[in-house]
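What follows is a single structure, written as structure tokens, with notes after it.
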Amino acid sequence: MLSYRDAVVLLGGESALTTALDKLSSLALFALGAVDLFDARAEAVRLGDGLIRRLHDHAKGLTRYDRTERLTAAHAVVVVTAYFEALDERAALPGLTRDDQDRLIRAGRSSDWAGRLIDAELPCPAPQRPHEQLLAELADRYRRFSTDLLTLISGLKCWDDWHETHRDRFREVMSVEVPALACRRYEELFRRLAADFPEVAHWSNLIEHQATRHGLLGLQERLAAVSSGRSPSDRLAALVRANRSALGRPISLSSDAPLGMRVPTLAEGYVDPGFRLLPPGHDRSPADERTWADRPRRDDLIGLLVAHLTLTQSARAPLVILGQPGAGKSALTRILAARLPAADFLPLRVELRAVPADSDVLGQIEHAIKDALDESMPWPELVHAADGALPVVMLDGFDELLQATGVNQTDYLDRVAAFQLRQAERGRPLAVIVTSRTTVADRARLPAESVVLRLEPFDEDQVRRWVTTWNQHNTPYLAGRGLRPLSVEHVLALPQLSGQPLLLLMLALYDADANALHRLGAHLDEAELYERLLRDFAAREVRKSASDRTDADLARAVEHELLRLSVTAFAMHNRGRQWVTGDQLNADLEALLPGGRVAAEPTGFRRDLSPAENVIGGFFFVHRTQALREDQRLRTYEFLHATFGEYLVARLVVRELADLADELDRAAARNRPALPGDAFLHALLSFAVLSVRSSTMGFLRHGLAHRVPAGHRELLRDHLCRLFAESQRPRPVADLDRYQPVEADVPARHAAYAANLLLLAVLSADRPLSGAELFAVAEPEPANERWRRITRLWQSQLTRDEWASLTTFLRVRHFVREGVRHLAVAPDTGEDFRVTDLPFFSWPALPEGWWDPHPHQVFTHGHPMTPWIREAAFRDDSPVSHLLLGLMPYVAWTGEGFAELPNTPLADLLALLLEPVEEADPKVRIQLYDRAIRADVAGPRYLDLVLRQLEADEPRLPADGVLRVLQTWRRCHKTERTRINRLFRGLRGRPDMDHELYSRARALW
4 MLSYRDAVVL
14 LGGESALTTA
24 LDKLSSLALF
34 ALGAVDLFDA
44 RAEAVRLGDG
54 LIRRLHDHAK
64 GLTRYDRTER
74 LTAAHAVVVV
84 TAYFEALDER
94 AALPGLTRDD
104 QDRLIRAGRS
114 SDWAGRLIDA
124 ELPCPAPQRP
134 HEQLLAELAD
144 RYRRFSTDLL
154 TLISGLKCWD
164 DWHETHRDRF
174 REVMSVEVPA
184 LACRRYEELF
194 RRLAADFPEV
204 AHWSNLIEHQ
214 ATRHGLLGLQ
224 ERLAAVSSGR
234 SPSDRLAALV
244 RANRSALGRP
254 ISLSSDAPLG
264 MRVPTLAEGY
274 VDPGFRLLPP
284 GHDRSPADER
294 TWADRPRRDD
304 LIGLLVAHLT
314 LTQSARAPLV
324 ILGQPGAGKS
334 ALTRILAARL
344 PAADFLPLRV
354 ELRAVPADSD
364 VLGQIEHAIK
374 DALDESMPWP
384 ELVHAADGAL
394 PVVMLDGFDE
404 LLQATGVNQT
414 DYLDRVAAFQ
424 LRQAERGRPL
434 AVIVTSRTTV
444 ADRARLPAES
454 VVLRLEPFDE
464 DQVRRWVTTW
474 NQHNTPYLAG
484 RGLRPLSVEH
494 VLALPQLSGQ
504 PLLLLMLALY
514 DADANALHRL
524 GAHLDEAELY
534 ERLLRDFAAR
544 EVRKSASDRT
554 DADLARAVEH
564 ELLRLSVTAF
574 AMHNRGRQWV
584 TGDQLNADLE
594 ALLPGGRVAA
604 EPTGFRRDLS
614 PAENVIGGFF
624 FVHRTQALRE
634 DQRLRTYEFL
644 HATFGEYLVA
654 RLVVRELADL
664 ADELDRAAAR
674 NRPALPGDAF
684 LHALLSFAVL
694 SVRSSTMGFL
704 RHGLAHRVPA
714 GHRELLRDHL
724 CRLFAESQRP
734 RPVADLDRYQ
744 PVEADVPARH
754 AAYAANLLLL
764 AVLSADRPLS
774 GAELFAVAEP
784 EPANERWRRI
794 TRLWQSQLTR
804 DEWASLTTFL
814 RVRHFVREGV
824 RHLAVAPDTG
834 EDFRVTDLPF
844 FSWPALPEGW
854 WDPHPHQVFT
864 HGHPMTPWIR
874 EAAFRDDSPV
884 SHLLLGLMPY
894 VAWTGEGFAE
904 LPNTPLADLL
914 ALLLEPVEEA
924 DPKVRIQLYD
934 RAIRADVAGP
944 RYLDLVLRQL
954 EADEPRLPAD
964 GVLRVLQTWR
974 RCHKTERTRI
984 NRLFRGLRGR
994 PDMDHELYSR
1004 ARALW
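Taking our numbering, I'd label the letters of the sequence shown as residues 4 to 1008.
Have a look at this one:
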């Protein structure tokens, strides 16, 4: 943000207006009486018009960043000029006596009102700030200016002489009409500025949306319209040519297209994606889906980029672009580098996978300069050669830097922002864009001024455009093989895959093999879809090494490929990540599949491939990342879509359970008491709980229903219950103990294995499982006690996500039958909860004649109380149940739950309601009110209770404290004003009233 004083200096030096305001002549500013030191208002208007006219005359010769700075300053002048114009029209006062004028000037000096006016940081448009929000911020700023002035004037003798009606009218003019009129004047002046300087219109997205164009063509055209017209230096011409040459290369550099098929170029095939924006701020969690829930989807990527790159915010902190693997982050940097006009921008792509990971930011940039120019060039020399063009450095693949090296990079983005600041101070401002996967975004601190952009999946129109382009470029190939074009309808039927550009390309390549997508069928189950996709791609990989296999050999080889891919999926699952390093995957494969490696024949000077590289091979749906550290190339792997890994985890578990069920059936048929071992199952399932991924549970349910015959499932269920009942006993040493994906304590492994056995037993059953069945005991009471013990083990040893997923996926019911207490466990089916689901209602010793105290209270799955009741029932926790029941009147009245915070709104409310105000510390009492009304979860009924109590406490609380509470209340909430007005009337006549503070607070209402 920029102040009015700074803006005037930047645009043309000190003016008569700022000089006079420095003398704090508030009286002269408003010409409130006969004394007319100067016409400050007219000076403000003249100054604004003159500065902007001068800028218009000289803008063509400015560098890109100089132009940006001056346009920002021009906007600050517009903001203040609009306020002066509004005052000129509405703020006329009767003549003042000489005594009033002197008092006003003295008051102006003591309050520094004029100083605050010209030195206040003024809001500026930005693409992440909706225009309506900007207007609201300006209105608030204008109200504060007016409130300060109103406070000054209320100290004059004339104020005391005015009738109350006159004072109320003046108060309304200053607090309501002047700010509203100033906002209207601002809009008029802003649109005039935007008409003269087109990039300004992009700042608030006030341009007319043109027909949809893709490949960022509109970006090049719009920035060229405000270009300085310079030509890039000969020394940088090679960099410009290299950037533009990317337009003619395939849009995906990693595709494995059949001979004769044409992958569209970047210029032809790039479809501008939708996105969501996270504005600057503190304590943001971009990896958390909830952070984005209320951020609207936008489709004006060109407008966003034009605005960002023509605002000073681009040089203060990096723009962070997030997306899933295959979302098009790197493609965006490639096409942006190609489209930015060379006259005003110098784009430099820094592929972080190809630069030393342990270098500082400057070192990484200079490494990329050498790669781009085939010669070393210091950064300052590059900027000088750019001749005023704004460098735009794109640090592509921050996630690769994090994953492949494993080095702590939490301060990397802060270091980037600090580098930008240093360069700006040295006259070398630059914009920086950093790309990263969304899921690792929380592993680095976000600079407070960084804007975060998340690429969104394609919508239907974008998918149609992509498919149309694909078919246009591959008509000869498809027709020559008797194949139909890629069907949009078949692609759209797979929304989980069609939303990401790289996965779309995968589907296109898949369909190019005998129209495979057409053969899937309209009602194919999701699990069957992934099975066919994975099996077909595995078959392609197998055929690359030997095309003359028999069908039986091919089937075995494909199954072996899928087994190794499943181990890869477990390598990620058991580490609680969506990626795995090459070394980690090598170790897992050697431990779980010893001797199962199929070595590729080395060719020429190529080194032998590692087990991990052998597994990944050319699988299109596996994303490879790499980074350079101490001249060693480090690699990581992840699936392009997390669902591939989730399906493969479920697939391997189902395969093992199906084999186990077959062995159990054979043993039962032969009356053999020996039971099959569970060593491999234990190795896989004793590190992480399956339910953390809901898709995995769905795939498990489908696999058990379709791969295990109904008769075998009963044998399997009983066997899983036996394993569950014995899961806490010591295990014999086994060869598979070498498999250690993470360092886990023995209790944690026992807890994870028991939880997974329970989940699989429940999924194998077609009815709820009783406690007696689960623990293989004859009576329910021992089962109840063992259940309480094992749930405490889970809560203490599982991660929070694992515990939450377990208690969410399963529902535990307690009930009494024939005087005996039972429990039953089953998958949650979405039924509502009631108070009687709390476990102590199922104790046989309940007092005679008890009744349900809240018979009509229903807790849906979205109700804030549901997790508390669910967990109390799951743990069979009677003490917590008693506590919840005692607080149920609060829940029933307010509809709120309990925040998991040290100071909860409920605790604050109870303290206000129960502690007599006479016995309370007034400062602490005011703090309680302030905290209660700031609570994010505070609903209308909760606030009504707080306001009712405040009205009762007001006479016994400090007046200034109550006023501060009312100010906070206005900023946080809209509320019915009857009680508020009564509070103000009560405060007005109090002897301890600070009238200036009262006027400020009253003006807000």
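The beta-carbon is built from N, C-alpha and C at its ideal position, and this holds for glycine as well.
Figure out for me which residue from the options has the closest Cα to the Cα of residue i.
{"i": "Asp-963", "options": "Glu-954, Leu-990, Ile-983 and Tyr-945", "result": "Leu-990"}
{"i": "Gly-263", "options": "Ala-682, Asn-477 and Leu-890", "result": "Asn-477"}
{"i": "Glu-124", "options": "Val-82, Gln-136, Leu-931 and Ser-157", "result": "Val-82"}
{"i": "Asp-414", "options": "Gly-992, Phe-401 and Ala-677", "result": "Phe-401"}
{"i": "Gly-277", "options": "Leu-458, Ala-318 and Ala-482", "result": "Leu-458"}
{"i": "Leu-209", "options": "Phe-690, Arg-195 and Leu-688", "result": "Arg-195"}
{"i": "Gly-655", "options": "Ala-615, Phe-573 and Leu-385", "result": "In the sequence on display, residue 655 carries Leu and not Gly. It is Phe-573."}
{"i": "Arg-696", "options": "His-576, Phe-778 and Leu-239", "result": "His-576"}
{"i": "Gln-952", "options": "Lys-926, Asn-984 and Leu-913", "result": "Leu-913"}
{"i": "Pro-359", "options": "Ala-228, Ser-231 and Leu-637", "result": "Leu-637"}
{"i": "Gly-232", "options": "Phe-348, Arg-293 and Ser-149", "result": "Phe-348"}
{"i": "Ala-185", "options": "Ala-346, Gly-706, Ala-89 and Ser-248", "result": "Ala-89"}
{"i": "His-793", "options": "Thr-839, Gln-743 and Phe-727", "result": "Inspection of the sequence shows that residue 793 is occupied by Ile rather than by His. Of Thr-839, Gln-743 and Phe-727, the residue nearest in Cα terms is Phe-727."}
{"i": "Gln-798", "options": "Glu-899, Leu-809 and Ala-482", "result": "Leu-809"}
{"i": "Arg-319", "options": "Ala-421, Asp-363, Glu-271 and Arg-298", "result": "Ala-421"}
{"i": "Ala-630", "options": "Arg-356, Ser-288 and Val-618", "result": "Arg-356"}
{"i": "Leu-946", "options": "Pro-994, Pro-908 and Leu-693", "result": "Pro-908"}
{"i": "Glu-564", "options": "Phe-540, Gln-800 and Leu-718", "result": "Phe-540"}
Can you round the beta-carbon distance between residue i and residue j to whole angstroms, since I take them to be within the 8 Å contact cut?
{"i": "Ala-1004", "j": "Arg-174", "result": "With a Cβ gap of about 12 Å, Ala-1004 and Arg-174 do not count as contacting."}
{"i": "Leu-456", "j": "Leu-325", "result": "7 Å"}
{"i": "Leu-1000", "j": "Ile-983", "result": "That pair is no contact at about 16 Å."}
{"i": "Thr-628", "j": "Ser-698", "result": "Their Cβ separation, rounded to whole angstroms, is 23 Å, which puts Thr-628 and Ser-698 out of contact at 8 Å."}
{"i": "Val-454", "j": "Leu-322", "result": "5 Å"}
{"i": "Arg-418", "j": "Val-386", "result": "Actually they do not touch by this definition, with Cβ atoms about 19 Å apart."}
{"i": "Arg-837", "j": "Val-861", "result": "6 Å"}
{"i": "Pro-744", "j": "Phe-690", "result": "6 Å"}
Across which residues does DSSP place residue i in a beta bridge pair?
{"i": "His-825", "result": "Phe-818"}
{"i": "His-998", "result": "Beta-bridge pairing links His-998 to no other residue."}
{"i": "Tyr-640", "result": "Val-583 and Arg-627"}
{"i": "Thr-268", "result": "Pro-253"}
{"i": "Arg-440", "result": "Gly-326"}
{"i": "Ala-129", "result": "Arg-132"}
{"i": "Ser-773", "result": "Ala-827"}
{"i": "Met-397", "result": "Arg-352 and Ile-436"}
Is residue i buried or exposed, if buried means 16 or more other CB atoms sit within 10 Å of its CB?
{"i": "Leu-24", "result": "Note that Leu-24 scores 42 on pLDDT, short of 50, meaning its location in the model is unreliable; the coordinates nonetheless yield the value given after this. So Leu-24 counts as buried."}
{"i": "Thr-981", "result": "exposed"}
{"i": "Asp-911", "result": "buried"}
{"i": "His-864", "result": "exposed"}
{"i": "Leu-916", "result": "exposed"}
{"i": "Thr-553", "result": "exposed"}
{"i": "Gly-598", "result": "exposed"}
{"i": "Pro-479", "result": "exposed"}
{"i": "Gly-706", "result": "buried"}
{"i": "Phe-818", "result": "exposed"}
{"i": "Pro-299", "result": "exposed"}
{"i": "Trp-3", "result": "As shown, the chain starts at 4 and ends at 1008. That puts residue 3 outside it, with no answer to give."}
{"i": "Asn-246", "result": "buried"}
Looking at chain D, is there any beta carbon in it that lies within less than 7 Å of the beta carbon of residue i?
{"i": "Thr-839", "result": "No chain D is present in this structure, which holds just one protein chain."}
Hey, would you say the C-beta of residue i is under 6 Å away from at least one heavy atom of the ligand HEM?
{"i": "Leu-887", "result": "Ligands in the displayed structure: none, and consequently the ligand HEM is not present."}
Quiz item: Is the stretch 321-337 touching the stretch 423-439 in the sense that three or more CB pairs, one from each, lie closer than 8 Å?
Solution: yes
Quiz item: Should the stretch 460-472 be regarded as contacting the stretch 443-450, the criterion being three or more beta carbon pairs within less than 8 Å?
Solution: no
Quiz item: Are at least three pairs of beta-carbons, each pair with one atom in the stretch 768-787 and one in the stretch 660-679, less than 8 Å apart?
Solution: no
Quiz prompt | Cβ contact check for the stretch 527-538 and the stretch 283-303: 3 or more pairs under 8 Å | solution = no
Quiz item: Given 8 Å as the limit, is there contact between the stretch 216-231 and the stretch 339-355, that is, 3 or more CB pairs closer than that?
Solution: yes
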